[in-house]
Each structure stands twice: as C-alpha cells, then as structure tokens.
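Following my numbering from start to finish, the sequence shown increments by one per residue and tops out at 608. Have a look at the structure below before the remarks.
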Amino acid sequence: MAVSACSLAIAFSGTPAVANPLDAPLSPQADGAEVQDLGFKRTYTIHADSAWLADGRVLSPAYITLTKGVITRISSREPQAQKSLLGSGPKPKIIKVDGTLAAGVVDAWSSVLPAEIRLDRRPLPFSKVADDLPIQVVGADPALAAAVAAQRSAGIAATYIGRADGNLMRGLGVPVGFSAHDLPYAGGAEFLDLMVAGDALGVQRGITDLNNLFSEAVGYRDSVDDYQEELEKYEESLKKYQEELDKFIKEQKKEEGKEGDSKADGEDDKEKKEKKRPKRPQRPSPPVSTTARDMILDAIDGKISVRVQVESAAGIRAAIALQEEHNLNMMLVGCDEAVQCRFELAAAGIGVVLDVNRVHNKANGQRFIDQFQQLLDAEVDVALSSGGRNLGPMLLAYAGEMIAQGADADAVWAALTSTPARMLGMASNFGQINRGCSGSMILFGGNSPFDASALFQAHQPK
Numbered sequence: 147m148a149v150s151a152c153s154l155a156i157a158f159s160g161t162p163a164v165a166n167p168l169d170a171p172l173s174p175q176a177d178g179a180e181v182q183d184l185g186f187k188r189t190y191t192i193h194a195d196s197a198w199l200a201d202g203r204v205l206s207p208a209y210i211t212l213t214k215g216v217i218t219r220i221s222s223r224e225p226q227a228q229k230s231l232l233g234s235g236p237k238p239k240i241i242k243v244d245g246t247l248a249a250g251v252v253d254a255w256s257s258v259l260p261a262e263i264r265l266d267r268r269p270l271p272f273s274k275v276a277d278d279l280p281i282q283v284v285g286a287d288p289a290l291a292a293a294v295a296a297q298r299s300a301g302i303a304a305t306y307i308g309r310a311d312g313n314l315m316r317g318l319g320v321p322v323g324f325s326a327h328d329l330p331y332a333g334g335a336e337f338l339d340l341m342v343a344g345d346a347l348g349v350q351r352g353i354t355d356l357n358n359l360f361s362e363a364v365g366y367r368d369s370v371d372d373y374q375e376e377l378e379k380y381e382e383s384l385k386k387y388q389e390e391l392d393k394f395i396k397e398q399k400k401e402e403g404k405e406g407d408s409k410a411d412g413e414d415d416k417e418k419k420e421k422k423r424p425k426r427p428q429r430p431s432p433p434v435s436t437t438a439r440d441m442i443l444d445a446i447d448g449k450i451s452v453r454v455q456v457e458s459a460a461g462i463r464a465a466i467a468l469q470e471e472h473n474l475n476m477m478l479v480g481c482d483e484a485v486q487c488r489f490e491l492a493a494a495g496i497g498v499v500l501d502v503n504r505v506h507n508k509a510n511g512q513r514f515i516d517q518f519q520q521l522l523d524a525e526v527d528v529a530l531s532s533g534g535r536n537l538g539p540m541l542l543a544y545a546g547e548m549i550a551q552g553a554d555a556d557a558v559w560a561a562l563t564s565t566p567a568r569m570l571g572m573a574s575n576f577g578q579i580n581r582g583c584s585g586s587m588i589l590f591g592g593n594s595p596f597d598a599s600a601l602f603q604a605h606q607p608k
C-alpha cells in the first residue's frame with residue numbers, strides 16, 4: 147500500500163502491523179464536565195479507496211472530512227469549494243491515501259493510568275478516576291502521554307481507565323478518548339468498579355462481601371426512611387412538649403403567687419413541680435452517609451453503571467443475581483468461565499469484556515476462541531480487550547491470531563470497535579465511521595486490518 151510522503155507527514159503515523167447511523171457531535175467531556183481544548187485545530191478531507199462505515203456499509207471511493215478532530219462529512223464525491231456572493235472560497239485540503247479507512251479500536255480494559263493513580267499508595271475505594279485525569283496541557287503527565295502515544299499508534303482511539311488495585315470496591319472508572327496532546331479526556335459516563343477474584347475460598351468471600359456491600363447500602367436507605375418517620379414523630383412530640391411546658395410554667399407561676407405557704411410546704415411543692423415538669427423529647431440521630439455508599443445507591447438508582455471484574459462461574463452467577471435483585475446496568479470483565487453462564491448472561495442482558503491476550507497462550511488459545519464463539523452464539527455482547535496489561539499496542543495482533551485460528555473476522559472486528567463502544571456508552575463518538583464521531587481511525591491495505599502482510603497505519607487527527 148502506497149501513501150505519499152506529504153500525506154503521511156500531515157495526517158498519518160504508525161508502523162506496519164505485527165501480526166449505526168448516529169449524528170450526535172463528539173462530546174469532548176462527560177456530561178456536566180468542563181469542556182477542555184483538546185488541541186485539534188485542522189480541517190481537511192481524507193480521500194481513501196474505501197471506508198468501513200457504520201452497520202457494515204462500505205463506501206468506495208471515500209471522502210472523509212474532519213474538523214477539529216471530528217468527522218463532519220462522509221461522501222463518495224470530492225468536496226467542492228463553498229460559493230457565496232463574494233465568490234468561491236478556498237478549495238478544501240484533500241489528502242490522498244491508498245487503502246481502506248476503518249474506525250479506531252476501543253479497548254474496554256486497559257492499563258493506561260494517570261500519574262495521580264500510579265503514585266497513590268493508599269487508594270481509596272470511593273475515588274473518581276475522572277478527577278485524576280491530567281489537564282489538557284503538553285507535559286502535564288509525560289509518562290501517561292508516552293503510553294497514550296503508543297496506544298494511538300496501534301490504532302486505539304478510546305479506552306477505559308479504572309483502578310487496578312485489589313479492593314473489592316475500586317471507585318468510579320471512566321471511558322476516555324485521546325486528545326491531540328496524547329492525553330486522555332473523559333469521553334463517557336462513569337462506571338462503579340467492583341471485583342470478585344481469587345481461589346474458590348476467596349471467590350466465596352468476595353461474593354459475600356459484594357452482597358453485603360449492596361445490602362448495607364439498601365439498609366442505609368431504609369434507615370434514612372425510618373429517620374424521616376422518626377423525625378416527623380419527633381416534631382409532633384416537640385410540639386406537644388412545648389404545649390405541656392407552657393402549661394407547666396403557667397401553673398408554676400400561679401402556685402408561686404399564693405400567700406401563706408410555709409417554707410416546708412414550699413419545698414414539698416417544689417418537689418411536686420419538678421416531678422410534673424415535662425421531659426423534652428430527644429431528637430433522632432440521622433444515619434451517617436459515606437461517598438462509597440452513595441456510589442452504590444447511585445448504581446441501584448440507575449445513575450451509574452456497574453462493572454465487575456470476575457472470573458469464576460460462581461462469581462458470574464452472583465453478579466447476575468445482584469443485577470437482577472437491584473436492576474443494575476452491568477458489564478463483566480475477565481469472565482474466564484463465562485461460557486458456563488452464557489445463557490444466563492444473555493437473558494440478563496449483561497455483556498462481557500474478555501482478555502484477548504489469552505489467545506496467545508498455546509495451551510488455552512483455541513479454548514479462548516471457542517469460548518468467544520459460544521458466547522456470541524448465545525447472543526451475549528462480547529468485547530475484546532488488552533486485559534488491563536501494558537499490551538494495548540498488541541491488541542490487533544492478538545486479534546489477528548484469533549482469526550488465523552478460525553475466528554470470524556467480522557465478529558472479531560465488532561468486538562474491537564462497535565461492541566465495546568456501545569458497552570461503554572460511547573457509541574455516538576467511537577467504534578464506527580459516522581458523522582459526529584471521532585476522527586481517530588486506522589488505514590489498512592489488503593482485505594482487513596488483520597492482514598499481517600499489508601501496511602497498517604493509525605490516523606491521528608491534528
């Protein structure tokens with residue numbers, strides 16, 4: 147595949163490979179967050195032999211126009227200079243490349259971590275990863291920028307950042323896109339990260355702890371309701387107390403005004419008055435709220451989704467039961483024994499994120515491919531990922547191994563793009579070439595991005 151030197155310098159970077167129509171504009175930050183300058187400045191059109199669009203459509207030839215990092219026009223015809231009463235404007239900049247354009251990869255389980263998290267020696271279970279993302283300034287986090295640059299060069303357009311510690315409750319993770327500064331920015335809604343892992347005994351303990359976590363949160367909510375009832379009763383008791391106190395004071399003054407009482411009688415009377423004095427009701431103590439508990443309640447209320455890292459069938463079934471009990475929006479990560487629960491997962495509508503690196507294991511590679519296919523046959527949403535390791539740049543290569551061993555290329559491609567984007571709530575911005583989506587794409591020669599004999603490059607918007 148030939149690419150002109152001029153085009154390569156302006157629009158593309160990369161190395162040879164080793165191995166749903168939505169018009170929403172690209173949201174550079176999660177809802178409610180401050181919009182940052184992501185560094186994308188240019189407007190230009192890429193002219194490629196063809197492009198893989200949303201819903202499996204192929205456009206040939208393809209003219210894809212990008213404006214400030216976002217796809218703004220898709221056509222099989224060359225864009226023309228805009229005309230006005232003052233005459234024609236400048237002709238749009240067109241970069242000619244040979245090959246096929248496709249959406250950038252979405253890694254739903256990666257090892258990309260900001261310095262704030264990498265250096266945190268005492269991670270808190272109620273941390274918010276979005277708060278730890280660096281500001282969009284060159285040099286804000288050099289180590290992170292280097293890691294992101296490697297991801298982008300490998301064709302990864304978006305990923306998920308979450309805590310990597312071993313806590314049962316890891317706080318809120320967030321899906322991110324990448325800016326022109328090679329830094330992540332919040333690109334979707336946050337997820338509550340939970341984990342059930344370990345040997346058989348550890349899994350059972352983790353299941354118990356997980357259930358207790360939600361039961362305690364529900365118990366807290368019930369106590370809040372009880373507190374409101376007790377508070378209403380307290381207000382009524384306080385009102386009654388005030389009436390009785392006013393009456394007592396009035397009677398006391400009346401008694402004090404009587405003449406001819408002896409001192410002894412007065413002491414007896416005082417004793418009687420003290421006995422009659424009404425007792426002030428005690429205000430009920432409010433339940434104590436915590437950030438971690440509030441996160442659980444937000445998940446129960448459907449305000450945030452839940453992401454559980456779990457491997458065993460027992461842990462997966464416990465997560466499914468938890469989802470059904472509290473009507474959670476849930477995805478599972480890891481899931482080595484997901485095939486045993488595939489029909490239950492499909493019935494519950496829970497998608498899974500698998501570690502594609504397992505295909506590289508000679509002993510388990512074919513087993514992994516068989517599991518992948520069985521989950522798809524059961525109609526479970528499956529995303530392929532780098533498994534939370536520093537292997538994001540190898541993601542496409544390992545996926546290519548799956549295809550070489552018999553996996554369906556279309557299914558694998560969807561599991562790297564549209565499916566993880568949908569599972570992470572980023573479908574309108576990533577996982578497809580569509581108007582309003584990110585301009586982070588890949589360019590490949592041959593029949594697919596998995597053709598190891600053809601040149602592969604990543605397009606990084608400027």
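By construction, the Cβ of each residue, glycine as well, lies at the ideal position given by its N, Cα and C atoms.
Check	Outcome
Cβ pair count under 8 Å reaching 3, the region 583–593 against the region 255–265	no
Residue burial classification, residue 595 (beta-carbon count within 10 angstroms, cutoff 16)	buried
Presumed contact (8 Å Cβ cut-off) between residue 308 and residue 275, rounded CB distance	6 Å
Residue closest to residue 496, alpha-carbon to alpha-carbon, out of 467, 514, 513, 458	467
Residues that residue 191 bridges to, as DSSP identifies them	211, 240
Alpha carbon of residue 180 to alpha carbon of residue 532, nearest angstrom	Bear in mind that the predicted position of residue 180 carries a pLDDT of just 47, short of 50, making it too unreliable to give a figure here.
Cβ distance (whole Å) where residue 608 is taken to contact residue 186 below 8 Å	7 Å
Span separating the alpha-carbon of residue 501 from that of residue 202	25 Å
Nearest neighbour of residue 455, chosen from 514, 311, 376, 434 [CA to CA]	311
Assigned exposure category for residue 499 - 16 Cβ within 10 Å defines buried	buried
Stretch pair the region 588–603 + the region 238–252: three plus CB contacts closer than 8 Å	yes
Three-state secondary structure assigned by DSSP to residue 555	helix
Span separating the alpha-carbon of residue 176 from that of residue 271	Any reading at residue 176 is ruled out, since the residue's pLDDT is 39, under 50, leaving its predicted position unreliable.
Whole-number beta carbon distance between residue 548 and residue 515, since they are thought to touch under 8 Å	6 Å
Beta bridge counterpart(s) of residue 198 as assigned by DSSP	204
Local Cβ density within 10 Å of residue 265, reported as buried at 16 or more and exposed below that	exposed
Residue ranges of each beta strand (DSSP E) within the region 430–489, 3 or longer	451–456, 476–480
Whole-number beta carbon distance between residue 512 and residue 485, since they are thought to touch under 8 Å	That pair is no contact at about 13 Å.
Beta-carbon proximity of residue 472 to residue 446, cut-off 8 Å	yes
N- and C-terminal bounds of the alpha helix (DSSP H) containing residue 565	564–569
Straight-line gap, residue 504 to residue 520 (C-alpha atoms, nearest Å)	16 Å
Unbroken beta strand (DSSP E) run spanning residue 342, endpoints	337–342
Beta-carbon proximity of residue 194 to residue 589, cut-off 8 Å	yes
Residue 546, enclosing alpha helix (DSSP H) - first and last residue	541–550
Pair within 8 Å by beta-carbon distance, residue 339 and residue 423	no
Limits of the beta strand (DSSP E) - the one that residue 607 falls within	That residue, residue 607, is in no beta strand (DSSP E); it is neither H nor E in DSSP.
Per-residue DSSP class, three states only, for residue 330	strand
Range covered by the beta strand (DSSP E) that runs through residue 321	315–324
Option nearest residue 212 by Cα separation, candidates 197, 223, 222, 191	191
Burial state of residue 551, where buried means 16 or more other Cβ atoms lie within 10 Å	exposed
Host alpha helix (DSSP H) of residue 526 (start-end)	Segment: none, residue 526 is in no alpha helix (DSSP H) and carries neither H nor E.
Pair within 8 Å by beta-carbon distance, residue 363 and residue 352	no
Residue 423, enclosing alpha helix (DSSP H) - first and last residue	Taken as a continuous stretch (DSSP letters only), residue 423 belongs to no alpha helix (DSSP H), as it is neither H nor E.
Test item: CB-CB of residue 321 and residue 331 under 8 Å	no
Assigned exposure category for residue 281 - 16 Cβ within 10 Å defines buried	exposed
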